[in-house]
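Participant: Quick note, our numbering runs 1001 ahead of the 1-based positions in the first sequence. Every residue, glycine too, gets a C-beta built ideally from N, C-alpha and C. A quick note: this is a predicted structure, and the numbers were derived from the prediction, not measured.
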Amino acid sequence: MPELPEVDTIRRELEKEIIGKKLKGVKVIKVRRRAKILMIDLANGSSLIFHLKLTGQLLFNSKPGKWSRAIFKFDDGTNLVFNDTRKFGWWKMVKDTSFIEKKFGPEPLDKNFTLKKFEEMLSQKGKSRIKPLLMDQTFIAGIGNIYSDEILFEAGISPLRRVESLKFEEMKKIFKAIKKILKKAIKNRGSSVEYYLDVYGRKGDYVRYHKVYHQKKCFRCGTKIEKIKLGGRSGHFCPKCQI
DNA sequence: CAATCGTCCTGCGGGC
DNA sequence: TGCCCGCAGGACGATT
């Protein structure tokens, strides 16, 4: 559930709170995000990295509860609590994060991720269906089930479409939708569907803008939203607005 | 190469 | 009321 906008919200808030603080005597110098991974860089060259998977939460200066799996204490008495109901998430201290940089596809909001680049990437993936492809972290980083649904609604493209069937204009629509939806979701501090909270324990506001994900009727035309299974995942789309 | 399935784990809601 | 079942969906490895 925490996808790019949620992890980025955590990153942005966390950097305000913990840069300059010390973790076991080592200064925090940077808080970064790559794909859905959050990285806290320390002055000794190591990084504390997290993946929240489905139900992970990182709460600043919070009290540990039933689902707390780790507590990181700073030298000034503040802390960072890692909660994770379903225990899919993980954290580790690593000496080098370059393997993370290489592992994933381009960052969708990076300036280097251009329409031309996207078109080139798509040309290698002819037979793939567009929704699972958008969720493939090695293809493009940070997009999960919620935002792939919302992006394809915005673009007016069915999640079932195969890449080879997309016209250039349709690729352009998807490209624009990726940038637009992710930026707007970041602005609204992400989507709190079930478990997601920001570092202050607040819900993200983007759910109110969801147009297909977990919706019953199409925001635009009122048609019943279709729910499908795609590669074991649920997908939501309007059969009338998304071709 | 693409797609599917099982796996990790827990909570919740539907159906009876 | 209670019990069982299926679903939620990120990522990975094995298999088709």
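#1: Report the rounded CA-to-CA distance for PHE1220 versus GLU1227, giving the unit in angstroms.
#2: Do LYS1174 and GLY1157 count as a contact pair if the criterion is CB distance below 8 Å?
#3: Consult DSSP for ALA1142 and reduce its assignment to one of helix, strand or coil.
#4: So, at 6 Å on beta carbons, what are the nonlocal neighbours of VAL1256 in its own chain, with the 5 sequence-adjacent residues on each side left out?
#5: Measuring straight from C-alpha to C-alpha, what distance separates GLY1233 and ASN1146?
#6: Identify the continuous beta strand (DSSP E) that holds GLU1227 and give its terminal residues.
#7: Might you give, ordered along the chain, the residues of its own chain that have their beta carbon closer than 8 Å to the beta carbon of ALA1071, omitting 5 neighbours on each side?
#8: Roughly how many angstroms lie between the CA atoms of LEU1005 and ARG1203, to the nearest whole one?
#9: Which partner residues does ASN1080 have in the DSSP bridge list?
#10: Pick from LYS1118, GLU1151, PRO1240 and LEU1198: whose alpha carbon is nearest that of ALA1178?
#11: LYS1132 by DSSP, collapsed to three states: which one?
#12: I'd like the span of the alpha helix (DSSP H) that includes ILE1011, first residue to last.
#13: Which whole-angstrom value is the C-beta distance of LEU1059 and VAL1200, which I expect to be below 8 Å?
#14: What ranges does the alpha helix (DSSP H) occupy inside the region 1149-1187, keeping only unbroken runs of at least 4 residues that lie completely in it?
#15: Is the region 1098-1109 touching the region 1062-1080, taking contact as three or more C-beta pairs under 8 Å?
#16: Are the beta-carbon atoms of PHE1119 and PHE1176 separated by less than 8 Å?
#17: Look at PRO1160 and ILE1131 and say whether their C-beta atoms are less than 8 Å apart.
#18: To the nearest angstrom, report how far apart GLU1171 and ASN1045 are at their CA atoms.
#19: Buried or exposed: where does THR1115 fall if 16 or more other Cβ atoms within 10 Å of its Cβ makes it buried?
#20: Taking the C-alpha atoms as reference points, what is the distance between ASN1080 and SER1192?
#21: Would you mind sorting ASP1097 into buried or exposed? The rule is 16 or more other CB atoms within 10 Å of its CB.
#22: Sort HIS1211, LYS1181, LYS1180 and LEU1183 by Cα distance to VAL1194 and report the nearest one.
#23: Could you name the residues that DSSP lists as bridge partners for LYS1064?
#24: Based on Cα-Cα distance, which residue from ILE1020, SER1235 and GLN1125 lies nearest to ASP1149?
#25: Rounded to a whole number of angstroms, what is the C-alpha to C-alpha distance between LYS1025 and PHE1075?
Facilitator: Once the coordinates are examined:
#1: To locate residue 1220, count along the first sequence from 1; it is residue 219. To locate residue 1227, count along the first sequence from 1; it is residue 226. Cα to Cα, PHE1220 sits roughly 13 Å from GLU1227.
#2: Numbered from its first residue, the first sequence carries residue 1157 at position 156. Numbered from its first residue, the first sequence carries residue 1174 at position 173. Between GLY1157 and LYS1174, the gap from beta carbon to beta carbon is short of 8 Å.
#3: As a first step, residue 1142 must be located in the first sequence, where it is residue number 141. Looking at ALA1142 - three-state DSSP - the assignment turns out to be coil, as it is neither helix nor strand.
#4: This structure cannot speak to residue 1256, because the chain is shown only from 1002 to 1244.
#5: Reading the first sequence from its first residue, position 232 is the one you call residue 1233. Reading the first sequence from its first residue, position 145 is the one you call residue 1146. Computed Cα separation, rounded: 11 Å.
#6: Locating residue 1227 in the first sequence gives position 226, counting from the first residue. Its beta strand (DSSP E) spans residues 1227-1231.
#7: One-based indexing of the first sequence puts residue 1071 at position 70. For ALA1071, same chain residues with a beta-carbon under 8 Å away, outside a window of 5 residues either side, are VAL1082, PHE1083 and TRP1092 in chain order.
#8: Translated into positions along the first sequence, residue 1005 becomes position 4. Translated into positions along the first sequence, residue 1203 becomes position 202. Distance between the alpha carbons of LEU1005 and ARG1203: 17 Å.
#9: To locate residue 1080, count along the first sequence from 1; it is residue 79. Looking at the DSSP assignment, ASN1080 forms a beta bridge with LYS1074.
#10: The count along the first sequence starts at 1 and reaches residue 1178 at position 177. The shortest C-alpha to C-alpha distance from ALA1178 to any of LYS1118, GLU1151, PRO1240 and LEU1198 is the one to GLU1151.
#11: Here residue 1132 is taken as the residue at index 131 of the first sequence, counted from 1. LYS1132: helix per DSSP, three-state reduction.
#12: Your numbering for residue 1011 matches position 10 in the first sequence. Run containing ILE1011: 1005-1019, per the alpha helix (DSSP H) assignment.
#13: Within the first sequence, residue 1059 is the residue found at index 58, counting from 1. Within the first sequence, residue 1200 is the residue found at index 199, counting from 1. Contact holds; Cβ gap of about 6 Å.
#14: Within the region 1149-1187, no complete alpha helix (DSSP H) run reaches 4 residues.
#15: With contact defined as three or more Cβ pairs closer than 8 Å, the region 1098-1109 and the region 1062-1080 are not in contact.
#16: On the first sequence, position 118 is the one that residue 1119 refers to. On the first sequence, position 175 is the one that residue 1176 refers to. In this structure, PHE1176 lies closer than 8 Å to PHE1119 by Cβ.
#17: The sequence position of residue 1160 within the first sequence is 159, counting from 1. The sequence position of residue 1131 within the first sequence is 130, counting from 1. The answer is yes: Cβ separation under 8 Å.
#18: As a first step, residue 1171 must be located in the first sequence, where it is residue number 170. As a first step, residue 1045 must be located in the first sequence, where it is residue number 44. Approximately 47 Å between the Cα atoms of the pair.
#19: Numbered from 1 along the first sequence, position 114 holds the residue referred to as residue 1115. Label assigned to THR1115: exposed.
#20: Taking the first sequence and counting its residues from 1, one reaches residue 1080 at position 79. Taking the first sequence and counting its residues from 1, one reaches residue 1192 at position 191. Across the structure, ASN1080 and SER1192 are spaced so that their CA atoms are roughly 24 Å apart.
#21: Within the first sequence, residue 1097 is the residue found at index 96, counting from 1. Residue burial annotation: ASP1097 is exposed, with fewer than 16 other C-beta atoms found within 10 angstroms of its C-beta.
#22: Counted from its first residue, the first sequence places residue 1194 at position 193. Nearest to VAL1194 by C-alpha distance, out of HIS1211, LYS1181, LYS1180 and LEU1183, is HIS1211.
#23: As a first step, residue 1064 is located in the first sequence; it is residue number 63 there, counting from the start. LYS1064 pairs with nothing; no bridge assigned.
#24: Residue numbering aside, residue 1149 sits at position 148 when the first sequence is read from its first letter. According to the sequence as given, residue 1149 is Ser; it is not Asp. For the residues ILE1020, SER1235 and GLN1125, the minimum Cα distance to SER1149 belongs to SER1235.
#25: Here the question's residue 1025 lines up with position 24 in the first sequence. Here the question's residue 1075 lines up with position 74 in the first sequence. If I take the Cα positions, the gap works out to 7 Å.
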